[in-house]
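Note sheet for the following structure.
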Amino acid sequence: MKHALITGAARGIGRQITVELLKQNFRVTGTARVTGFPKEMSSIRSFRGIHTDLADPLLLGVTLKPIFEKDLPGVLVNNAGIFRKADFSVSDEEWLASWDETFLVNLRASSLLCKWFINSHIQQSTGGIIINIASRAAYRGDNQEYAAYAASKGGMVAFTKSIARDFGKNGIIAYSIAPGFVETDMAKDSIEELGIDYLTRESSFNSLTQPEEVARLVSFLASGKVKHMTGSTFHINGGSYMI
1300 MKHALITGAA RGIGRQITVE LLKQNFRVTG TARVTGFPKE MSSIRSFRGI
1350 HTDLADPLLL GVTLKPIFEK DLPGVLVNNA GIFRKADFSV SDEEWLASWD
1400 ETFLVNLRAS SLLCKWFINS HIQQSTGGII INIASRAAYR GDNQEYAAYA
1450 ASKGGMVAFT KSIARDFGKN GIIAYSIAPG FVETDMAKDS IEELGIDYLT
1500 RESSFNSLTQ PEEVARLVSF LASGKVKHMT GSTFHINGGS YMI
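The opening residue of the sequence shown carries number 1300 in this note's numbering; numbering runs sequentially from there.
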């Protein structure tokens, strides 16, 4: 049975990715910071939930690093992320705090997990698949108050390409997925503040992308059927950004 590690597995896109991979007979290890894991996961024997904090590298070394050493997953999905507001008018201290926290969770933690994943697979002479959940904002930017989020996701895309360039011959495949607005808890505030009509004004549809669509794309990439697309970014944003 294939083993996948998914960060941010308890809700939103991560929850749907977890459910989808469990349906595809994966054994899944999922992480969450404080949220409890839904019964649809916790009641399944092939799921294991771990509470950890991606903003704490020392804690990650205790909670997640042993997995790469003792129960190496064949698929790593870096899904967890934060969306912190920092307007250009805030104080320097607030600005830097927001940027530091955003990069710590969205990019530094993901890079550390990728490092452990790659090194373990090379040591064991096995191949693995990395799927990094980036964002449409990596390509078209975001509103100025969310510039840190856009920059962190742009860094994730570039990091994914770097992995793909250098580790393919070691059997490591890496993709990134760039969703637009997805109807999840993370987007709840924007949906309530701006409304669906505003958020879909540049879309080909009158509805937001559903997390199930992203999950099905992850499932396909996790199958290993398109290895020569390593380094690619898959855009799923309702036609609001096309490349």
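All C-beta atoms in this analysis are idealised placements derived from N, C-alpha and C, irrespective of residue type, glycine included.
Here the structure is a predicted model, which is why all the values come from computation and not from measurement.
Is the CB-CB distance between residue i and residue j below 7 Å?
i       : j       : result
Leu1353 : Ala1379 : yes
Val1376 : Phe1346 : no
Pro1510 : Gln1315 : yes
Thr1317 : Met1300 : no
Thr1401 : Ser1451 : yes
Gly1552 : Ser1539 : Nothing can be reported for residue 1552: it is not among the residues displayed for the chain, which extend from 1300 to 1542.
Asp1386 : Glu1444 : yes
Leu1406 : Gly1454 : yes
Thr1532 : Val1456 : yes
Lys1526 : Ile1471 : no
Let me know the secondary structure DSSP gives residue i once reduced to three states.
i       : result
Leu1412 : helix
Leu1403 : helix
Val1374 : strand
Val1333 : coil
Asn1431 : strand
Tyr1497 : helix
Tyr1540 : coil
Gly1426 : coil
Thinking residue i and residue j are a contact (beta carbons under 8 Å), I'd like their distance in whole angstroms, please.
i       : j       : result
Leu1459 : Gly1348 : With the sequence shown as reference, residue 1459 is identified as Thr, and Leu is not the correct amino acid for it. At roughly 26 Å, the Cβ-Cβ gap does not stay under 8 Å, so Thr1459 and Gly1348 are not in contact.
Ile1476 : Cys1413 : Actually they do not touch by this definition, with Cβ atoms about 15 Å apart.
Ile1381 : Val1361 : Wrong, their Cβ atoms sit about 21 Å apart, outside the cutoff.
Ile1312 : Val1513 : 5 Å
Leu1359 : Ala1408 : 7 Å
Please list, in chain order, all residues of the same chain as residue i whose beta carbon is under 6 Å from its beta carbon, the five residues on each side excluded.
i       : result
Gly1440 : Ala1449
Leu1371 : Ser1419
Ala1486 : Phe1480
Ala1309 : Ala1331, Thr1334 and Phe1336
Asn1469 : Ile1421
Trp1398 : Ala1447
Might you give, ordered along the chain, the residues of its own chain that have their beta carbon closer than 7 Å to the beta carbon of residue i, omitting 5 neighbours on each side?
i       : result
Phe1416 : Phe1367, Leu1375, Gly1427 and Ile1429
Phe1466 : Ile1417
Ser1503 : Gly1537 and Gly1538
Ser1272 : The shown model of the chain, from 1300 to 1542, leaves out residue 1272, and the question about it has no answer.
Quiz prompt | Cβ contact check for the segment 1516-1528 and the segment 1484-1498: 3 or more pairs under 8 Å | solution = The answer is no - the segment 1484-1498 does not touch the segment 1516-1528, with fewer than three Cβ pairs under 8 Å.
Self-check item: Three or more C-beta pairs below 8 Å linking the segment 1426-1440 and the segment 1383-1399
Solution: For the pair of segments examined, the segment 1426-1440 was found not to touch the segment 1383-1399: the number of CB pairs separated by less than 8 Å stays below three.
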